[in-house]
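Be aware that the sequence shown starts at 15, since it is given in this note's numbering, and climbs by one per residue. Yeah, the Cβ is synthetic: ideal placement off N, Cα and C, and Gly gets one too. Encoded as C-alpha cells, the structure appears first; notes follow it.
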Amino acid sequence: MLPAVWAATLLLCGCAETSTVRLSGEEAYVPRHAEGYSIYATDGASTVIEIRNPWQGGDSVRTQLFVSRGNELPPEWFDGVTVAAPVQRAVCFSSTHVAFLDALDATDAIRGVSGAEYISNEKVRERYREGDIRDVGYDTNVNYELLASLRPDIVFIYGVGGENTAVTDKFRELHIPFVYIGEYMETTPLGKAEWLVPFGELTDRREEAAALFTDIETRYDSLRMRATAFAERPSVMLNAPYRDVWFVPGDRSYMVRLIEDAGGRYIFAGEESSVSRPISGEAAYLAARQADVWLNPNQAGNIGELKTQNPKFTDIRCVEQRRVYNCTRRKTPGGGSDFWESGALHADRVLRDIILCLHPEAAVPDEEGMYYFERLE
C-alpha cells in the first residue's frame, strides 16, 4: 500500500492540473567550488539536480533528481527520482545531512536518522529522545519496515567505496526515493560547504542557502588571506597508525588544503592525490619526528593515551612541546563528533581552529578559543 501512496505523491497525481516541463539549457545555480553537482533550470518552476562522482571510483556515475513545483512533471526522457518541493519528510543517513538542514532551519522535516547516538545537533537529539525522530539503523542493519513506515519524501544517503546495492536495491523494491549526497568527495573545504545549496533547492530555500554559503566563503577567504601574512609555516602531521599502518592523505585532500590555507606545511607532501595512502608506522614515525604540529591523532583524548598507543611517540618533538590537537572538543556521549557533522558546512570555523593550532599567537576574530579542536594535555 505504501509504495502506491509514494507513487501517487511522486507523480503528483490528483485533482491539480499538471504539465510536463523541459530543461531550459541554463543552470539555476552555478557552483563556485563544489564539483559534484549541478542544478539545472526548466521552462517551469521545477529544477533538475545532477549528482556526479558520489563515491570513490564513481567518476562516471551520474544520477538525477527532479525537484517538482506546482505539480509539474519531469521531461519524458527523465528516468531519475522525482520529489516535490519543499520536502516535508526526510531521512538522513549521515550527520552532515542534519547539519545542512539545520543551517536552513529545516530540521522539522527530519523523520529518521542513521546512528542517532552519533548525532550532535541538540534539536534532533531531543526529538529523537521524544520519539519524534526514529533511528532506522545503518549498513546491513537498516530497519526497512521502520523506514517505510516513516513515509519519506526523500532519503539522503552516501557511498564510500561504491554503491551500497544491498541498501539501494531494497529502496527501489520498496519505491523509497533516495539521493546520494557526495559532499565528502569534495577535496576543498568550500566545496564541501557548497553542498548546502542542493539542500536549499529541496527545501525551497535556495536563495537563503546561497547567501549563507557566500557568508561562509567570505569569512573563509578573509581568514586564508590573514594566514598568508604569517612568517612561520609550521610542518604538520595528520592522523595516527591503525594496526601499525598509517593512512596519510594525499596533497589534494580536504585536510591538507586546510593546513595550507591556515599557513602550514604538510609533512607528507608529494603525493598528488585526493585519497589516503598507507605507509608503515615506522616510516611515518621517522617523518613525524620533524613535525611541529600533530592534528587528528585518531581517538586519542590526551597525551598519555597517545604514548600508550606507541611509546616511540614520547620522543616526537610536537608531543614533547604539547602541540598535539584533536577535533574532539564537541563530542556526543555515543562517540559522535560535531567536527564531522557541522564542520563539513562551517569551513570558516574549521579554518579558524586550524590557524589557532598552527599559530596560537594569531589574532583571529569573532569567537574565543577553538570550536572543534582542543589541545591534548
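Alpha helix (DSSP H) segment containing M269, residue limits: Residue range Y268 to D275 is occupied by the alpha helix (DSSP H) that includes M269.
Just checking: is the beta-carbon of Y194 within a distance shorter than 8 Å of some beta-carbon in chain C? Among the protein chains of the structure shown there is no chain C, as only one such chain exists.
Counting only the same chain and skipping the five closest in sequence on each side, list residues whose C-beta sits under 7 Å from that of Y158. When the five nearest sequence neighbours on each side are left out, the beta carbons in the same chain lying within less than 7 Å of the beta carbon of Y158 are those of K184 and L188, in order along the chain.
What residue does the alpha helix (DSSP H) around M239 start on, and which one ends it? M239 -> alpha helix (DSSP H) spans R220 to A241.
Quick check on M239: buried or exposed, where buried means 16 or more other Cβ atoms within 10 Å of its Cβ? The residue in question, M239, is exposed, as its Cβ has fewer than 16 Cβ neighbours within 10 Å.
Span separating the alpha-carbon of K326 from that of V333: The C-alpha of V333 is placed about 10 Å away from the C-alpha of K326.
In chain order, what residues of the same chain have a beta carbon less than 8 Å from the beta carbon of P347, not counting five sequence neighbours either side? Taking P347 as the centre and dropping the five residues before and after it, the same chain places the C-beta of E131 closer than 8 Å to its C-beta, in chain order.
Exposed unless 16 or more other CB atoms sit within 10 angstroms - verdict on V181: Label assigned to V181: buried.
Flag this pair as touching only if the region 138 to 147 and the region 92 to 103 have three or more C-beta atom pairs under 8 Å; answer yes or no. Segments in contact, no.
L37: first and last residue of the uninterrupted beta strand (DSSP E) it sits in: If you look at L37, you'll find it in the beta strand (DSSP E) that goes L37 to Y43.
Taking the beta strand (DSSP E) that V338 falls in, what are its first and last residues? It spans V338 to N340 - the beta strand (DSSP E) in which V338 sits, taken as one unbroken run.
Between the CA atoms of K345 and R389 - distance to the nearest angstrom: Their Cα atoms are separated by approximately 15 Å.
N178 versus S60 - alpha carbon distance: Whole-angstrom Cα-Cα distance: 29 Å.
For A376 and S134, what's the separation of their Cα atoms in angstroms? CA-CA distance, A376 to S134, rounds to 29 Å.
Tell me which residues share the same chain as R279 and place their Cβ nearer than 6 Å to its Cβ, disregarding the 5 neighbours each side in the sequence. Closer than 6 Å at the Cβ level, and outside the excluded window around R279, lie R247 and S249.
What does DSSP give as the partner residues of E252 in its beta bridges? The sequence shown places Leu at residue 252, rather than the Glu named in the question. L252 is bridged to L309.
Using the C-alpha atoms, what's the distance from I63 back to P212? Cα to Cα, P212 sits roughly 7 Å from I63.
Assumed close pair I230, D149 - CB separation to whole angstroms, cut-off 8 Å: 30 Å between Cβ atoms; not a contact.
According to DSSP, is T202 helix, strand or coil? The answer is coil: DSSP assigns T202 none of H, G, I, E or B.
Roughly how many angstroms lie between the CA atoms of E136 and V127, to the nearest whole one? When rounded, the separation of the alpha-carbon atoms in E136 and V127 is 13 Å.
The region 105 to 114 contacting the region 157 to 171, beta-carbon criterion three pairs below 8 Å: Enough Cβ pairs lie closer than 8 Å, so yes.
Comparing C-alpha positions only, which one of T121, T322, V338 and G39 sits nearest to L216? For L216, the closest alpha carbon among the candidates T121, T322, V338 and G39 is that of T121.
Kindly list the residues whose CB is nearer than 7 Å to the CB of T342, restricted to its own chain and excluding five residues on each side of it in sequence; keep chain order. Its chain contains G315, S351 and E388 as the residues whose beta carbon lies nearer than 7 Å to that of T342, once the 5 sequence neighbours on both sides are disregarded; these appear in chain order.
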